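For reference, the structure is listed below as structure tokens.
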Amino acid sequence: NCLGLTLQTAPHLWSIGVEQQFYLFSPLVVKFLTLKNLYYSLAGMCLFFMLLPIGIEKLLPEEYIWKTNVLNFLYLSKFNCLSLGGLAAAFLHLKPTLQLPKRSATVVKLLFVMTIVCWILGVHLNRFTIELYCFLFVLLVVGVRLYPKSLTILESPILRRIGKISFGIYIYHFLVLKGT
């Protein structure tokens, strides 16, 4: 408790901790793999962390005292999504000059609109909602990386300025909202 504020003052900062855990854990996995095996390992990690909560819910009895804590940890760790992002990064590393057809810009624009519409409408897939949005955003990032001219709207001066200050907004927005 500092200045009358508790840890609940900035609960959004858990994601920085999760990233740090992933960055500490993933090099241990990557160090011993060839690039080809890296794909399989990251895909395996993604599936493992996506399906593990289902297994825990089905196999552990309700009276197991740590069941809720383990499920909350797995939900908050987001290793499944971080692994999917790592898989996309490995793909882009191997194919940095991949040429896409002209229609790719249209596909990326449609993907952008579809992602925003799904988010606004609150599309849910029960247990796999996080994975849905992660997959859509990974596809969007890969599409924009491979076809940069597809979303030139992101190059507007206002969005560039927001991009430069976005980390500060992320860090301080909750404190500002709590203080008002």
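So the sequence shown is residues 866 to 1045, counted in the numbering used here.
Every residue, glycine too, gets a C-beta built ideally from N, C-alpha and C.
Quantities reported herein were computed from a predicted structural model and do not represent experimental measurements.
Using a 10 Å radius around the Cβ and a threshold of 16 neighbouring Cβ atoms, would you call Ser906 buried or exposed?
Here the question's residue 906 lines up with position 41 in the sequence shown. It counts as buried.
Please state if the CB of Tyr1012 and the CB of Val973 are separated by a distance shorter than 8 angstroms.
Within the sequence shown, the letter at position 108 stands for residue 973. Within the sequence shown, the letter at position 147 stands for residue 1012. Yes; because the gap between Cβ atoms is below 8 angstroms, this pair is in contact.
Rounding to the nearest angstrom, what Cα-Cα distance links Phe1000 and Phe977 in this structure?
Here residue 1000 refers to the residue found at position 135 of the sequence shown. Here residue 977 refers to the residue found at position 112 of the sequence shown. If you take the alpha carbons of Phe1000 and Phe977, they lie about 12 angstroms apart.
What residues in its chain sit with their C-beta under 8 angstroms from that of Leu957, if we drop five residues either side in the sequence?
Reading the sequence shown from its first residue, position 92 is the one you call residue 957. Taken in chain order, the residues that qualify are Val1007, Arg1010 and Leu1011.
Is there contact here, the region 942-951 with the region 902-922, by at least three beta-carbon pairs under 8 angstroms?
yes
Quick check: the region 878-889 against the region 917-925, are at least 3 beta-carbon pairs closer than 8 angstroms?
no
Taking the alpha-carbon positions, what's the Glu928 to Arg1026 distance?
By 1-based counting over the sequence shown, the position of residue 928 is 63. By 1-based counting over the sequence shown, the position of residue 1026 is 161. Glu928 and Arg1026: Cα-Cα distance of roughly 51 angstroms.
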